[in-house]
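Student:
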Amino acid sequence: MAPIWAAASAGLVSAGVALAAGELVVAIPGRNDPSLVSAVGAEFIDRFAAELKDVAVRLFGTNDKVALVCGIVLVSMVLGALLGTAARRRFWPAVCGFSAFGLLGAAAYRTDELGSDTLGTVAAAVAAAAGIATMWSLLRMAARLGAAPRSVEVDPAGDGVRVGDQVMVAPRSPLDPRHIARRAFLGTAAALGAGAAGMALVGRRIAGKGSSEAARQQVVLPAATVYDRDAVAGEVAPEEFDVGGLSPYITPNDDFYRIDTALSVPQVDLDSWRLRIKGMVDHPLEVSYADLLDMESVSATVTIACVSNEVGGGLVGNAVWQGVPLADVIERAGVGDGAEQVIGRSIDGWTAGFPVDVVTDGRTAMVAYAMNGEPLPVRHGFPARLIVAGLYGYVSATKWLAEIELSTWNAFDGYWVPRGWSKEGPIKTQSRIDVPRSGAELRAGTVPVAGVAWAPTRGISKVEVQVDDGPWRPCELGPVSGDETWVQWIYRWRAEPGDHVVSVRATDGDGETQTSDVARPDPDGATGWHSRRWTVTG
Numbered sequence: 000m001a002p003i004w005a006a007a008s009a010g011l012v013s014a015g016v017a018l019a020a021g022e023l024v025v026a027i028p029g030r031n032d033p034s035l036v037s038a039v040g041a042e043f044i045d046r047f048a049a050e051l052k053d054v055a056v057r058l059f060g061t062n063d064k065v066a067l068v069c070g071i072v073l074v075s076m077v078l079g080a081l082l083g084t085a086a087r088r089r090f091w092p093a094v095c096g097f098s099a100f101g102l103l104g105a106a107a108y109r110t111d112e113l114g115s116d117t118l119g120t121v122a123a124a125v126a127a128a129a130g131i132a133t134m135w136s137l138l139r140m141a142a143r144l145g146a147a148p149r150s151v152e153v154d155p156a157g158d159g160v161r162v163g164d165q166v167m168v169a170p171r172s173p174l175d176p177r178h179i180a181r182r183a184f185l186g187t188a189a190a191l192g193a194g195a196a197g198m199a200l201v202g203r204r205i206a207g208k209g210s211s212e213a214a215r216q217q218v219v220l221p222a223a224t225v226y227d228r229d230a231v232a233g234e235v236a237p238e239e240f241d242v243g244g245l246s247p248y249i250t251p252n253d254d255f256y257r258i259d260t261a262l263s264v265p266q267v268d269l270d271s272w273r274l275r276i277k278g279m280v281d282h283p284l285e286v287s288y289a290d291l292l293d294m295e296s297v298s299a300t301v302t303i304a305c306v307s308n309e310v311g312g313g314l315v316g317n318a319v320w321q322g323v324p325l326a327d328v329i330e331r332a333g334v335g336d337g338a339e340q341v342i343g344r345s346i347d348g349w350t351a352g353f354p355v356d357v358v359t360d361g362r363t364a365m366v367a368y369a370m371n372g373e374p375l376p377v378r379h380g381f382p383a384r385l386i387v388a389g390l391y392g393y394v395s396a397t398k399w400l401a402e403i404e405l406s407t408w409n410a411f412d413g414y415w416v417p418r419g420w421s422k423e424g425p426i427k428t429q430s431r432i433d434v435p436r437s438g439a440e441l442r443a444g445t446v447p448v449a450g451v452a453w454a455p456t457r458g459i460s461k462v463e464v465q466v467d468d469g470p471w472r473p474c475e476l477g478p479v480s481g482d483e484t485w486v487q488w489i490y491r492w493r494a495e496p497g498d499h500v501v502s503v504r505a506t507d508g509d510g511e512t513q514t515s516d517v518a519r520p521d522p523d524g525a526t527g528w529h530s531r532r533w534t535v536t537g
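Here it is in structure tokens:
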């Protein structure tokens, strides 16, 4: 019988081989199929998103999906180790365990909008078979580690032992059969583990070379019509304050936050991609990517934010978006009588909905295909997404857009509404201190305190800071391209020695000052004033 440590190691390696085999099977260039791990993760998100969304964002930020994938892999490896120990005497627990894993993966795959049922079943079967075969081989090798010699007696001629008819040296000798078996087992397990890692990397690399990025590189953007005062894709943003650590007015694409439910970024074939407009419309229609680029386009600088953003958090960004006004797209289909809600549906099935009146009330509402002067990055929604100024992303910012549907207000709830979030999600007035960083030790004298504030569609009329319990002091505001963007602010503080707490608050263009009441992000956005504590030395 195999030692416990060897059986657990066999199970751990077998689980890794199973995961890697499943990863490799679905890694077909040009396809959009998720891995088994991604499918299980997506099912986990669907079932537990309401309970874990804010916790995950708070702990891992924009790395929440990486953390979930790592967690699934870790749990799988631990369960594999447990299966290995359970299969020391009888092998059927390993067969049942890996078969159950395969069934779970296949079932999760069937619920994934991006996955092929047939491919998912094949991948699950291959993964289970690979795990079982690896476990069988390693446990057979591991069994030799615990097998006792046929007979052992001390060799009268020396310090060795007699095993059967042969004289062996002391057990610690490299010639001990168990020592040889141990080396063989460890070498094989290590080789299989390395092979599993290699298969997983190859699978990820193949899947990563999806059709979207290749197609994106070939896109030539049309010229846009100016939609706000200054911001046209490719032009220089308004002059910024020269303060190190202050968020730039335009957030670079690589630094822009990403919060969504997609563990696998959807890959799109532009030749077959169509944006469908359906529901309560006069005549449903489909728009190709070429059709979209041929339509009159606009450019606007808009700040968008995630409803999960904590007070002072970084899940907010400002970018120059280019696309087709949503009103123009919908008008082509004709708005039906009684339509009250616009629903955006992603390629992966995610949905968001907002009032139809938003489309024509004067704010920026567009089907965007460019971001900061280049085609939408794949991770940010290529080939097209919805951008609606003044609404949190969970009710408006559908990425990887596939459908726009018109319905009544009560006929449909977007993805997050049944999970406890408000059906309407206007962005609340917020402000944030960027510099100095919290806990910094500062020198007495003039210290620039700076950050950003936002209230999209209403704009920011005033930002103030309070040092300790002193009066609120006005800040200098930077230039903006419109009321739909955030604004940089700066306060030149004459810092005196001691420990200090500085708070910030903003007033929107309607004269409403953000509340000091502290509230969690759920169900409709966090509130409160952002504060930082510093020590000033002489």
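Going by numbering that gives the first Met the number 0, the first residue of the sequence shown is number 0, and it counts up by one from there.
Glycine included, C-beta positions come from ideal geometry on N, C-alpha and C.
From the DSSP output, in three-state form, read off L11 for me.
Tutor: Against the sequence shown, residue 11 aligns to sequence position 12. It is helical.
Student: Report back the beta-carbon spacing between G83 and S13 to the nearest angstrom; my notes put them in contact at under 8 Å.
Tutor: Working through the sequence shown from its first residue, we reach residue 83 at position 84. Working through the sequence shown from its first residue, we reach residue 13 at position 14. Indeed they touch by this definition, with Cβ atoms about 7 Å apart.
Student: Which term fits M0, buried or exposed, when burial requires 16 or more other beta carbons within 10 angstroms of its beta carbon?
Tutor: Here residue 0 refers to the residue found at position 1 of the sequence shown. Exposed, because fewer than 16 other Cβ atoms sit within 10 Å of the Cβ of M0.
Student: Determine the contact status of E440 and T536, defining contact as a CB-CB distance below 8 Å.
Tutor: Here residue 440 refers to the residue found at position 441 when the sequence shown is read from its first residue. Here residue 536 refers to the residue found at position 537 when the sequence shown is read from its first residue. Contact flag set, yes.
Student: If you draw a straight line from the alpha carbon of P354 to that of C305, how long is it in whole angstroms?
Tutor: Position 355 of the sequence shown, counted from the first residue, corresponds to residue 354. Position 306 of the sequence shown, counted from the first residue, corresponds to residue 305. For P354 and C305, the distance between alpha carbons rounds to 18 Å.
Student: For A443 and L390, I'd like the C-alpha separation in whole angstroms.
Tutor: What you label residue 443 is simply residue 444 of the sequence shown in a count that begins at 1. What you label residue 390 is simply residue 391 of the sequence shown in a count that begins at 1. Their Cα atoms are separated by approximately 41 Å.
Student: Tell me whether the region 259 to 277 and the region 285 to 303 touch, counting them as touching only if at least three CB pairs, one residue from each stretch, are closer than 8 Å.
Tutor: yes
Student: Quick one: Cα of A214 to Cα of L269, how far?
Tutor: Translated into the one-based positions of the sequence shown, residue 214 becomes position 215. Translated into the one-based positions of the sequence shown, residue 269 becomes position 270. Taking the straight line joining both Cα atoms gives about 7 Å.
Student: Put M0 into one of helix, strand or coil per three-state DSSP.
Tutor: Working through the sequence shown from its first residue, we reach residue 0 at position 1. In the structure shown, M0 falls within a coil segment according to DSSP collapsed to helix, strand and coil.
Student: D63 to A128, Cα distance in whole Å?
Tutor: As a working mapping, residue 63 is identified with position 64 in the sequence shown. As a working mapping, residue 128 is identified with position 129 in the sequence shown. Using only the alpha carbons, I get a separation of about 31 Å.
Student: Could you tell me which residues DSSP pairs with V558 in its beta bridges?
Tutor: Examination of residue 558 is not possible in this model, given that the chain is present from 0 through 537 alone.
Student: Is the Cβ of T110 closer than 8 Å to any Cβ of chain D?
Tutor: In summary, chain D is missing from the structure at hand, where a single protein chain is found.
Student: Going by the DSSP bridge assignment, what does Y490 pair with across the sheet?
Tutor: Position 491 of the sequence shown, counted from the first residue, corresponds to residue 490. Per DSSP, V448.
Student: Throw me the rounded Cβ distance for the M451 and V486 pair, which I believe falls under 8 Å.
Tutor: As a working note, residue 451 is residue 452 in the sequence shown. As a working note, residue 486 is residue 487 in the sequence shown. Note on residue identity: the sequence assigns Val, not Met, to residue 451. With a Cβ gap of about 7 Å, V451 and V486 count as contacting.
Student: Please state the DSSP three-state secondary structure of V316.
Tutor: On the sequence shown, residue 316 is found 317 positions in, with the first residue counted as 1. At residue 316 the sequence reads Gly, which differs from the Val that was named. Correct three-state label for G316: strand.
Student: Compare the beta carbon distance of A105 and T120 with 8 Å and say whether it is the shorter of the two.
Tutor: As a working note, residue 105 is residue 106 in the sequence shown. As a working note, residue 120 is residue 121 in the sequence shown. The answer is yes: Cβ separation under 8 Å.
Student: Do you know offhand how far R532's Cα is from D467's?
Tutor: Counted from its first residue, the sequence shown places residue 532 at position 533. Counted from its first residue, the sequence shown places residue 467 at position 468. So the two alpha carbons sit approximately 9 Å from each other.
Student: With DSSP as the reference, label L23 as helix, strand or coil.
Tutor: Within the sequence shown, residue 23 is the residue found at index 24, counting from 1. Here DSSP, grouped into helix, strand and coil, assigns L23 to helix.
Student: Going by beta carbon distance, what residues of the same chain come within less than 7 Å of G157, once the five residues before and after it are set aside?
Tutor: Reading the sequence shown from its first residue, position 158 is the one you call residue 157. Residue confidence is low: G157 scores 47 on pLDDT, short of 50, so the model does not pin down where it sits. Its coordinate-derived value is still stated next. Answer for G157: no residue qualifies.
Student: Which same chain residues, not among the five before or five after N371, have their C-beta less than 6 Å away from its C-beta?
Tutor: Within the sequence shown, residue 371 is the residue found at index 372, counting from 1. Taken in chain order, the residues that qualify are N252, A318, V319.
Student: Terminal residues of the continuous alpha helix (DSSP H) containing R331?
Tutor: In the sequence shown, the residue the question calls residue 331 occupies position 332. Looking at the DSSP string, the run of the alpha helix (DSSP H) that includes R331 is 325 to 332.
Student: Could you tell me which residues DSSP puts in a beta bridge with T350?
Tutor: Here residue 350 refers to the residue found at position 351 when the sequence shown is read from its first residue. The partner list for T350 (beta bridge, DSSP) reads R344.
Student: So, at 7 Å on beta carbons, what are the nonlocal neighbours of G15 in its own chain, with the 5 sequence-adjacent residues on each side left out?
Tutor: Locating residue 15 in the sequence shown gives position 16, counting from the first residue. Cβ within range, chain order: M76, G192, A195.
Student: One question on the structure: do A20 and M198 come within less than 8 Å of each other, judged by their Cβ atoms?
Tutor: As a working mapping, residue 20 is identified with position 21 in the sequence shown. As a working mapping, residue 198 is identified with position 199 in the sequence shown. Yes, Cβ-Cβ distance for A20 and M198 is below 8 Å.
Student: P402 bridges to which residues according to DSSP?
Tutor: By 1-based counting over the sequence shown, the position of residue 402 is 403. Residue 402 is actually Glu in this sequence, not Pro. Answer is R275, R344, bridged to E402.
Student: Assign F47 to one of two classes, buried (16 or more other C-beta atoms within 10 Å of its C-beta) or exposed (fewer than that).
Tutor: To locate residue 47, count along the sequence shown from 1; it is residue 48. Per the 10 Å Cβ criterion, exposed.
Student: What does the alpha-carbon distance come out to for the pair L220 and P425?
Tutor: Along the sequence shown, read from residue 1 onward, the residue named residue 220 stands at position 221. Along the sequence shown, read from residue 1 onward, the residue named residue 425 stands at position 426. Computed Cα separation, rounded: 31 Å.
Student: Can you list, in chain order, the residues of its chain with a C-beta nearer than 6 Å to that of S211? Leave out the 5 residues immediately preceding and following it.
Tutor: Here residue 211 corresponds to residue number 212 of the sequence shown, with the count starting at 1. Taken in chain order, the residues that qualify are Q266, V267, V377, F381.
Student: For the pair the region 399 to 418 and the region 337 to 344, tell me if three or more CB-CB distances fall below 8 Å.
Tutor: yes
Student: Under DSSP, the alpha helix (DSSP H) around Q216 begins and ends at which residues?
Tutor: As a position in the sequence shown, residue 216 is number 217, starting the count at 1. Note, Q216: alpha helix (DSSP H), 210 to 216.
Student: Kindly confirm or deny that the region 106 to 113 and the region 36 to 46 touch, where touching means at least three C-beta pairs closer than 8 Å.
Tutor: These segments touch.
Student: How many whole angstroms separate the CB atoms of A188 and L245, which I take to be in contact at a CB cut-off of 8 Å?
Tutor: The residue given as residue 188 occupies position 189 in the sequence shown. The residue given as residue 245 occupies position 246 in the sequence shown. 52 Å between Cβ atoms; not a contact.
Student: Would you identify the three-state DSSP class for I44, choosing helix, strand or coil?
Tutor: Taking the sequence shown and counting its residues from 1, the one referred to as residue 44 is at position 45. Here I44 sits in helix by DSSP.
Student: Taking only the alpha-carbon atoms, compute the straight-line gap between A142 and A132 and give it to the nearest angstrom.
Tutor: If you number the sequence shown from 1, residue 142 lands on position 143. If you number the sequence shown from 1, residue 132 lands on position 133. Looking at the two C-alpha atoms, the distance is approximately 16 Å.
Student: Would you kindly report the start and end of the unbroken alpha helix (DSSP H) that includes V74?
Tutor: Working through the sequence shown from its first residue, we reach residue 74 at position 75. It spans 63 to 85 - the alpha helix (DSSP H) in which V74 sits, taken as one unbroken run.
Student: If you check the beta carbons only, do H499 and R431 fall under 8 Å apart?
Tutor: Looking up residue 499 in the sequence shown gives position 500. Looking up residue 431 in the sequence shown gives position 432. It is not a contact, given that the beta carbons lie outside the stated cut-off.
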